[in-house]
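Residue numbers (my numbering): 9 to 776.
Taking it in order: structure first as structure tokens, then the write-up.
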């Protein structure tokens, strides 16, 4: 700073006759108004670019002339042509000094991760790779959901590789990495060495690329291990991941190479036996994530693909829809008037009294505390009727006293819930809309129309928009019947995994069997966050910032005693509702609070919305065209619709919160070696100014040497066996993306077994 003052003193003396001894600070203070005008002109020149350089330079010149013509200023003198160059040098020094003194910003060498002009991913795959193509299809769907631009390169087609410098990340989704030629290997090494990002989402082998992948190995193929399971995350990969452990029952036969890691790697995940499954490797100025497994071909792992891309870039931008829906199946509904365990022991109440005095008030209190807007799904009956006449005896059965009058509890609860929450449809009764269960499509339509008439007769409000299929099952005839019986329906909320031909394995978008309906499948279920549901939930949040979840009011009574023949039990261990009477507080209520507290801690920006509102949010997100321009000192986000988005920075830069244009700052999360900003876009163009540390190397996360073996303190976090017979193996079902041709029925996926997500079952079949 002292040398800077000396330079200024000499220039001032020689150019304008200023006293050399005059302090620079005094002069800047006196000239503050003119300097502000001058700096504004200089900044305009710097932002304008060559296309508008003449006009911007003219502005700068006029500002200088106005200053020199002030005759009353003792420093005003004429400016000979010989002094033009020194004057320009002085102006540049003034600008640097102003930024240094007043803005406290340092401008070092450009950051190493700002090489690609735009955020764009090159997916490398091989169409002849039967198993790798599952990971490729999963990656394509994940990046599309995340609105991340990508190009695809099929190695089997023999096309030349594009210029790699135009991509912010390379993503390998094939086992046949040994088909990459020598020339391309060299280009890939140079690309990463110069700051590019690389993600391998399906384990493959190429001895020339092994050091790049962070693998300590020779020229031969390593052994392939296929009989180990379990997955433990020991690194803050993205919020909510660290400490997550999936049992060997949940994750089986990972299929990975038995390899050692180089010293400059960060272990992300290990198998149950401690073998390295995923890691981050620093190579040159670039970053590489290698998934030593085929696990990312699973549908529920898509968010981990997206987050891998954001991890290897110096700076990554993720547009998010930002919503969470919580649906309550089977409520309001026909309710038993008997005392049923474990509610009887805990409260000595009938089921309808429990719903009225305990469960429903608790759920409303939770909604107020966490800002939740539920979607309640109404089945009018649990009767077996599939042909007219259709009655509503069960709907009217359980009654309560309101203002000294007997009133059907289901109607009363519906009116109460509709004040702040959404009412959706779960069916005339709880029989799935399939031709296996109903005599004809016409019979389904008649049952639905009867329910529509009752909806109006009971003044339940506007006709429903959201439909949840009983047991999460429907067929093509049932999908068509829905909009014939309830023309108001727009949303079909089935399940994300399961059997496609049974109405499961749905994607977010138009329903293949009835394009009038938009599929919004549910990904997670229940009051208790098991490790598998935690994985599925944070994966969806990491993919496009959403959560779709459902629960039942009767989970507490869904025990082996009450449902001895049920395939899947929701309360196999007889948990109470609260458990206060036991002193344990281990009931469904407190488990649900822990789930919501987990989300609040790791995803405080998440908005809880009704399903009908989420429908419009999601459609805008999926139709949004997003382009991200990457510059050393600025990020520009272009979108066709203003959007929430996150900026993950791994290279030590920071967003200047005073320099955000077109967006609102929402949240800041400091992770291990990264910073995550959440912002709300207000305009279709958002500009983010970046601050850069004096030494980029000081801000980079230090590589950590790891051992492939886990210590005793990294043991399994929890065991899902506490769920008893409640299994959700469909969460790990292989991803199959049906691609029907227009006008044709989608080809059924080759999947055995019935849906294994917990089925929505009635409270009790036999009514008192």
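Glycine is no exception: its CB is placed at the ideal position from the N, C-alpha and C atoms.
From a predicted model like this one, the values you see are computed outputs, not experimental measurements.
DSSP beta-bridge partners of residue i
i, result
"residue 533", "558"
"residue 224", "268"
"residue 414", "409"
"residue 299", "286"
"residue 683", "657 and 678"
"residue 519", "522"
"residue 635", "646"
"residue 420", "BP columns for residue 420 are empty, so no partner."
"residue 137", "None; residue 137 has no bridge partner."
"residue 573", "In the DSSP output, where bridge partners are listed per residue, residue 573 has none listed."
"residue 652", "328 and 688"
"residue 386", "433"
"residue 277", "241 and 286"
"residue 695", "644 and 669"
"residue 527", "500 and 517"
"residue 180", "132 and 208"
Residues of its chain near residue i, where Cβ-Cβ distance is below 7 Å and the 5 sequence neighbours each way are ignored
i, result
"residue 197", "220"
"residue 402", "342, 389, 390, 391 and 775"
"residue 407", "414, 415, 416 and 417"
"residue 398", "436, 455 and 458"
6 Å CB neighbourhood of residue i in its chain, flanking five on each side removed
i, result
"residue 136", "164"
"residue 289", "222, 273 and 296"
"residue 263", "234 and 302"
"residue 345", "358, 360, 406 and 776"
"residue 485", "443 and 449"
"residue 470", "none"
"residue 762", "Low local confidence applies: a pLDDT of 29 at residue 762 is under 50, so the model's placement there is unreliable, with the coordinate-based value given in what follows. Result list for residue 762: empty, nothing under 6 Å."
"residue 664", "697 and 699"
"residue 622", "331 and 333"
"residue 667", "697"
Contact under 9 Å by Cβ, residue i with residue j
i, j, result
"residue 437", "residue 480", "no"
"residue 595", "residue 603", "no"
"residue 504", "residue 490", "no"
"residue 501", "residue 523", "no"
"residue 256", "residue 280", "yes"
"residue 687", "residue 331", "no"
"residue 558", "residue 541", "no"
"residue 217", "residue 252", "no"
"residue 695", "residue 633", "no"
"residue 497", "residue 473", "yes"
"residue 131", "residue 158", "yes"
"residue 239", "residue 267", "no"
Spatially closest choice to residue i from the options, by CA coordinates
i, options, result
"residue 493", "485, 460, 466 and 484", "460"
"residue 155", "550, 414, 621 and 592", "550"
"residue 351", "342, 367, 338 and 336", "367"
"residue 334", "328, 378 and 580", "378"
"residue 526", "516, 262, 534 and 278", "516"
"residue 128", "585, 179 and 601", "179"
"residue 338", "418, 639 and 587", "418"
"residue 145", "304, 218 and 324", "304"
"residue 374", "677, 598 and 701", "598"
"residue 439", "250, 575 and 455", "455"
"residue 5", "557, 324 and 161", "Residue 5 cannot be examined here, being either before or after the span of the chain that is shown, 9 to 776."
"residue 153", "329, 160, 175 and 230", "329"
"residue 562", "543, 585, 554 and 158", "585"
"residue 410", "245, 424 and 691", "424"
"residue 209", "151, 190, 149 and 143", "143"
"residue 692", "677, 669 and 685", "669"
"residue 536", "564, 552 and 510", "564"
"residue 510", "478, 497 and 539", "478"
"residue 677", "271, 245, 317 and 356", "245"
"residue 139", "150, 171, 173 and 183", "183"
"residue 394", "315, 371 and 446", "446"
"residue 318", "672, 521, 176 and 569", "176"
Integer-rounded CB distance, given that residue j should sit under 8 Å from residue i
i, j, result
"residue 432", "residue 384", "7 Å"
"residue 313", "residue 548", "With 8 Å as the limit, residue 313 and residue 548 do not qualify as a contact, their Cβ atoms being about 12 Å apart."
"residue 211", "residue 287", "Rounded, the Cβ-Cβ distance is 12 Å, inconsistent with contact."
"residue 654", "residue 684", "6 Å"
"residue 381", "residue 429", "6 Å"
Other residues of its chain near residue i: CB distance less than 8 Å, five sequence neighbours each side excluded
i, result
"residue 519", "487, 500, 525, 526 and 527"
"residue 566", "560, 574, 577, 578, 579 and 769"
Proximity test, Cβ basis, 9 Å: residue i and chain B
i, result
"residue 274", "In the structure shown, chain B cannot be found, because there is only a single protein chain."
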